[in-house]
Amino acid sequence: MDNLFKLAGKRLINPVDRLNDMLTSYRLMLYFLVILAGWAILGSFFPKQIPYSWHEILASIVWLLIICWAANKLISRFLNIPANKESDLITALILALIMSPPKYSRDFALLAAAGILAIASKYVITLYKSHVFNPAALGAFVSGELFNHYASWWVGTKFMTPVVVIGGVLVLRKMKRFTLVGLFLATYILYLIYAGNSNGDIHILWQEIISSPVLFFATVMLIEPLTSPSQAGKYIPYGVLVGLLYSVTRLRLSPEEALLIGNVFAYIIAPKRRFEMKFLRRVKEAEGIYSYLFKTPTGFKFTAGQYLEWTLSQNKTDSRGNRRYLTISSAPTEAEVRFTLKYPLRRASAFKQRLANLKPGEVVLASDLSGSFTLPKDQDKKLVFMAGGVGITPFRSMVQSMIDSGQKRDIQLIYTATSDTEFSFKNIFNQAESIGLKTSYITGRLETDNIPALVHDYKVRSFYISGPYSFVQAIETSLLKLGVGPTKITTDFFPGYGS
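For the sequence shown, the positions run 0 to 498 when numbering that gives the first Met the number 0 is used.
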């Protein structure tokens, strides 16, 4: 029955994932905020919906976009740190939606201060080169203290709520943060009930939620990837704490203050670091597939199967930006850090074009180490690795790690590629036969009906699936139909990867 429910759910969710797969997380958030700002301008023609005129909102947006773009450009150049493309635009739009539009010259100064402080915090207020505070929240709070005029969070209206919910669901699906937001909202709602704000009336409670900025706060600011925990196990204390700080009226904290305190707590329980990776060399692994090797920086540790966000320094970017989440294909036991990717037959993205011209000694920034696509602790558990194309990278990391540590496991690897020339790391997988790995190479499309023939004892094994969205979804759907339980399937597709 669980499998039937999951299959039914997938029919509804798949179109959403296909849309999300076309965009990076940052580009999705940017589009969400642009649409939200446009919706606010539309609502301004109805005075009872939005309390500001269209030209006041537009002036705020344009002014903050200019300020944040210029600050990002100047500070990054002065400190010689690669600027994160799109982040300045995202910060500007968030500030425009939570701070009152300007009416007087003093208001323009307030917005300028908020924008500059928000951008500066990304470069200056850092620990181990990683920023601690949500930039928009810090900019709004400090400028409020300086000018004694605080964020109004005017985005929290009934008119804005439908767009916030739709966009928020897309973002949460993309970033896999439903659990974190759910914990925060549960804490918020339970406190409202406990405090008697709704007197147990569901309608009053509902009105409280849709008439406040809580949904925007949760789906846009709470989940900011560099200032919130990335491990699911840390979601509970973080989500509950921020939920309480946001809700308890006796504390008299603004939303931005609640988030900033939560950011400090998140850094204590789940510290993040940004590493400077010095490029060493590029290695051809197979036809059109290359690995990039970097010197391991001091203090860098990871688990096989995890990923990093990589930021390139480049003057020109395309719609996909200058950042990518890429799996670490090296093992923790190896002396160098590497990632592996495929170059498309057609025109490559600006990101990959820049990679192709990377020179030894150049520095690439790596941050947001995360990922739960890792080996189970139980070494007796029988596994199946299923890789589609460059989705082989986490398995290369896991297998090399097992070889180096002498760890034996019963694992079947089913590796598919479009042609025989695109299989990578064969030498490693051949070597791993001595520790229990059995590899099947499939050229062309894997017929999912053949899974039982390839894995005779599939009902007792746990499956790890990595590769393009279509590959992962097809394999997972087939396994569910075969009766493999959802808890025995772990997926690691790379949405928004791009070419």
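Glycine included, every Cβ here is placed at the ideal spot set by N, Cα and C.
Asked                                                                                                             : Found
From G388, F177, F384 and P296, residue whose alpha carbon lies closest to that of P467                           : G388
Under 8 Å between C-beta atoms of A150 and L92                                                                    : no
Residues that L506 bridges to, as DSSP identifies them                                                            : Outside the modelled stretch of the chain, which goes from 0 to 498, sits residue 506, for which no answer is possible.
A192 classed as buried or exposed, judged by whether at least 16 other C-beta atoms fall within 10 angstroms      : It is Ile, not Ala, that sits at residue 192 in the sequence shown. Exposed, because fewer than 16 other Cβ atoms sit within 10 Å of the Cβ of I192.
Rounded Cβ spacing between G390 and S465 (contact assumed at less than 8 Å)                                       : 4 Å
Runs of alpha helix (DSSP H) lying entirely within the segment 15 to 62, each at least 4 residues, in chain order : 24 to 42
Beta-carbon proximity of L368 to V398, cut-off 8 Å                                                                : no
Through-space distance from E421 to I288, alpha-carbon basis                                                      : 7 Å
DSSP three-state assignment for M385, whether helix, strand or coil                                               : strand
P308 (DSSP reduced to helix, strand or coil)                                                                      : Strictly speaking, residue 308 in this sequence is Glu, with Pro absent from that position. The answer is strand: DSSP assigns E308 an E or B state.
Assigned secondary structure, H202 (DSSP; H/G/I helix, E/B strand, else coil)                                     : helix
Beta carbon of S129 nearer than 8 Å to that of K271                                                               : yes
V154 versus F77 - alpha carbon distance                                                                           : 34 Å
CB-CB length for R395 against F424, believed under 8 Å                                                            : 5 Å
Continuous alpha helix (DSSP H) assignments of at least 4 residues falling wholly in the segment 49 to 133        : 53 to 78, 86 to 97 and 104 to 122
Cα-Cα separation, A136 to K84                                                                                     : 19 Å
Same chain, Cβ closer than 7 Å to P296, five either side skipped, listed in chain order                           : F274, E275 and M276
Residue(s) in a DSSP beta bridge with T486                                                                        : None; T486 has no bridge partner.
Distance, F132 Cα to I118 Cα                                                                                      : 11 Å
Residue of I413, W62 and Y51 minimising C-alpha distance to G443                                                  : I413
DSSP three-state assignment for S404, whether helix, strand or coil                                               : helix
Nearest neighbour of A499, chosen from T23, Q411 and I427 [CA to CA]                                              : There is simply no residue 499 to check, as the chain begins at 0 and stops at 498 in what is shown.
S99 burial status per 10 Å Cβ neighbour count (16 or more: buried)                                                : buried
Where the beta strand (DSSP E) through R322 begins and ends                                                       : R322 to T326
Span of the alpha helix (DSSP H), counted from its first residue to its last, around F301                         : Run containing F301: none; DSSP gives neither H nor E here.
Inter-residue spacing [alpha-carbon to alpha-carbon] between S253 and F158                                        : 22 Å
Inter-stretch contact (C-beta, 8 Å, three-pair minimum) for the segment 169 to 187 and the segment 207 to 221     : yes
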